[in-house]
Amino acid sequence: MPSVTKSLLTGCRQGHLNDYVTAIAWSPHHALAIASAAGEILLVNPETQVEIILQEAKGESVDCLAFSSDGQYLAAGGQSGQLLIWSIAPLTDPSTPLPIPSPTLLSHPRTWLDRLTWHPTRNELAFSLGRQAQVWDAETAEIATILQFENSSVLDLAWHPQGQHLAVSGHQGVKIWHRDDWNADPEVREIAAASVVIAPSPDGQYLASGNLDHTLLVWPFDSDVPWRMSGFPGKVRQLAWSDVTVGQAPLLATASGTGVVIWRKKSNANDGWDAQVLDLHDERVNAIAFQPGSTLLASAAEDGQLCLWKKARQVAQILEGAPQGFSTLAWSPNGQWLAAGGQQGEWLVWQQSHRGQGFG
Numbered sequence: 106m107p108s109v110t111k112s113l114l115t116g117c118r119q120g121h122l123n124d125y126v127t128a129i130a131w132s133p134h135h136a137l138a139i140a141s142a143a144g145e146i147l148l149v150n151p152e153t154q155v156e157i158i159l160q161e162a163k164g165e166s167v168d169c170l171a172f173s174s175d176g177q178y179l180a181a182g183g184q185s186g187q188l189l190i191w192s193i194a195p196l197t198d199p200s201t202p203l204p205i206p207s208p209t210l211l212s213h214p215r216t217w218l219d220r221l222t223w224h225p226t227r228n229e230l231a232f233s234l235g236r237q238a239q240v241w242d243a244e245t246a247e248i249a250t251i252l253q254f255e256n257s258s259v260l261d262l263a264w265h266p267q268g269q270h271l272a273v274s275g276h277q278g279v280k281i282w283h284r285d286d287w288n289a290d291p292e293v294r295e296i297a298a299a300s301v302v303i304a305p306s307p308d309g310q311y312l313a314s315g316n317l318d319h320t321l322l323v324w325p326f327d328s329d330v331p332w333r334m335s336g337f338p339g340k341v342r343q344l345a346w347s348d349v350t351v352g353q354a355p356l357l358a359t360a361s362g363t364g365v366v367i368w369r370k371k372s373n374a375n376d377g378w379d380a381q382v383l384d385l386h387d388e389r390v391n392a393i394a395f396q397p398g399s400t401l402l403a404s405a406a407e408d409g410q411l412c413l414w415k416k417a418r419q420v421a422q423i424l425e426g427a428p429q430g431f432s433t434l435a436w437s438p439n440g441q442w443l444a445a446g447g448q449q450g451e452w453l454v455w456q457q458s459h460r461g462q463g464f465g
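The opening position of the sequence shown corresponds to residue 106 in my numbering, with each subsequent residue numbered one higher.
Here it is, written out as structure tokens:
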């Protein structure tokens with residue numbers, strides 16, 4: 106076991122759902138939504154410790170959660186094919202429990218809905234639906250567009266940070282639509298295999314794709330010629346960008362199998378990326394995320410360890426609390442809280458300790 110420094114995060118609050126935690130999302134106002142494979146959706150305020158059950162267990166998994174950028178809406182989707190959208194603003198900073206609002210319901214029978222993401226500035230929700238991506242406009246409560254991916258089911262989707270483009274991935278590539286003209290043909294980033302997960306960098310300069318054929322591709326966003334990284338032990342399942350630029354670009358973290366790799370852009374604009382392997386986990390890494398405003402990386406794995414990597418280089422703290430393994434994690438937007446879920450239904454929230462401030 107490597108030596109670690111003083112505690113960066115301290116335990117604050119924990120609870121338990123009926124099945125493994127599938128998704129966690131923070132609102133801009135630091136309320137926390139937690140979903141499980143049993144269908145539960147719980148809203149927690151870690152400061153006031155108020156908990157509100159938005160949905161009881163129904164026996165069908167909820168697999169994706171997301172708050173709108175202004176915190177007005179919470180969207181959830183999963184095994185039932187139902188897209189649930191709550192007007193959540195009155196609940197995101199609760200001092201006392203309030204009546205639970207009824208959600209807007211968009212039903213898509215026999216379709217597993219497992220990817221959704223809100224526009225970075227507008228109340229527009231993009232979600233996967235088989236071989237389609239659809240965009241729902243909260244202001245009109247209508248579908249704004251239906252985008253055909255065609256080659257396969259949609260495996261992931263992501264808005265560009267400035268909101269002008271929506272990227273959709275699947276078999277043999279990534280398609281990028283321009284929001285101002287949904288009817289125009291999309292730009293295509295071709296891939297030999299399937300793009301499992303995509304992520305644009307927070308500064309909008311790059312687009313990364315983790316792929317089924319054990320490769321990572323990174324494009325300058327305005328170019329169709331990528332850098333290609335290979336040698337991963339399996340498909341690249343997780344991507345995370347720092348929102349802090351280090352040298353020429355933000356840091357990029359990838360997870361494949363038990364390993365986490367940090368990618369740093371070389372100084373020459375035309376050169377590629379240097380790799381550093383963070384090798385500590387004994388079982389599959391299920392989630393990675395950079396703390397907002399820093400280069401502190403959190404990685405959570407099935408070995409029951411949640412590791413904090415200072416400057417994305419050296420382990421600084423190891424958190425526990427899910428003996429059968431962690432399934433997911435997420436930082437609050439201000440970086441003061443870290444939430445994680447476990448495979449036995451555990452959910453845990455840690456708070457940045459006063460001593461740990463400024464650890465980067």
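We treat Cβ as the ideally placed atom computed from N, Cα and C, and that holds for glycine.
Close beta carbons around residue i, own chain, < 6 angstroms, minus the five adjacent residues each side
{"i": "GLY398", "result": "GLY440"}
{"i": "ILE190", "result": "TYR178, ALA180, PRO208, THR209"}
{"i": "GLN381", "result": "ILE367"}
{"i": "PHE337", "result": "HIS319, SER361"}
{"i": "ASP242", "result": "GLU229, ALA249"}
{"i": "LEU271", "result": "ALA231, TRP264, TRP282"}
{"i": "SER300", "result": "SER274, VAL279, SER314, ASN316"}
{"i": "LEU122", "result": "SER141, GLU145, GLY450"}
Euclidean distance between Cα positions of residue i and residue j
{"i": "VAL365", "j": "GLN429", "result": "20 angstroms"}
{"i": "ASP184", "j": "ASN391", "result": "Sequence inspection shows Gln at residue 184; the Asp mentioned does not correspond to that position. Rounded to the nearest angstrom, the two C-alpha atoms are 20 angstroms apart."}
{"i": "ILE248", "j": "SER372", "result": "44 angstroms"}
{"i": "PRO467", "j": "GLY120", "result": "Outside the shown range of the chain, which is 106 to 465, sits residue 467, and nothing can be said about it."}
{"i": "GLY116", "j": "VAL454", "result": "7 angstroms"}
{"i": "LEU260", "j": "SER233", "result": "8 angstroms"}
{"i": "LEU159", "j": "LEU147", "result": "6 angstroms"}
{"i": "ILE423", "j": "SER335", "result": "29 angstroms"}
{"i": "ARG227", "j": "LEU356", "result": "27 angstroms"}
{"i": "ALA345", "j": "GLY447", "result": "20 angstroms"}
{"i": "VAL302", "j": "ARG118", "result": "31 angstroms"}
{"i": "TYR125", "j": "THR433", "result": "10 angstroms"}
{"i": "SER192", "j": "ALA140", "result": "17 angstroms"}
{"i": "GLU295", "j": "VAL323", "result": "12 angstroms"}
{"i": "LEU321", "j": "ARG333", "result": "6 angstroms"}
{"i": "GLU161", "j": "GLU425", "result": "27 angstroms"}
Close-in-space but distant-in-sequence residues of the same chain around residue i (CB under 7 angstroms, 5 per side omitted)
{"i": "ALA130", "result": "ALA138, LEU170, ALA171, PHE172, ALA435"}
{"i": "SER166", "result": "THR127, ALA142, GLY144, GLY183, GLN184"}
Cβ shell of residue i (< 8 angstroms), same chain only, five flanking positions each side left out
{"i": "ASN375", "result": "none"}
{"i": "VAL293", "result": "GLY278, VAL279, LYS280, ILE281, ASP329"}
Proximity below 9 angstroms, CB of residue i to CB of residue j
{"i": "LYS415", "j": "ALA406", "result": "no"}
{"i": "ASP285", "j": "GLN267", "result": "no"}
{"i": "PRO133", "j": "PRO438", "result": "yes"}
{"i": "LYS370", "j": "ASP384", "result": "no"}
{"i": "ALA535", "j": "VAL273", "result": "A question about residue 535 goes unanswered here, because the residues of the chain that appear run from 106 up to 465."}
{"i": "ALA354", "j": "GLN396", "result": "no"}
The ligand ADP heavy atom lying under 8 angstroms from the CB of residue i
{"i": "THR115", "result": "Among the components of this structure there are no ligands whatsoever, and the ligand ADP is therefore not found."}
Boundaries of the beta strand (DSSP E) in which residue i is found, first to last residue
{"i": "SER314", "result": "311–316"}
{"i": "GLY275", "result": "270–283"}
{"i": "VAL323", "result": "321–325"}
{"i": "ASN150", "result": "146–150"}
{"i": "GLU295", "result": "292–305"}
{"i": "TRP370", "result": "Sequence check: residue 370 is Lys here, not Trp. 364–370 is the extent of the beta strand (DSSP E) around LYS370."}
C-beta neighbour in chain B for residue i, strict 9 angstroms
{"i": "GLY440", "result": "Absent from the structure: chain B. Only one protein chain is present."}
Which runs of the beta strand (DSSP E) at least 3 residues long sit entirely within the stretch 173–245? Give them in chain order.
178–183, 187–192, 209–212, 221–223, 229–234, 237–242
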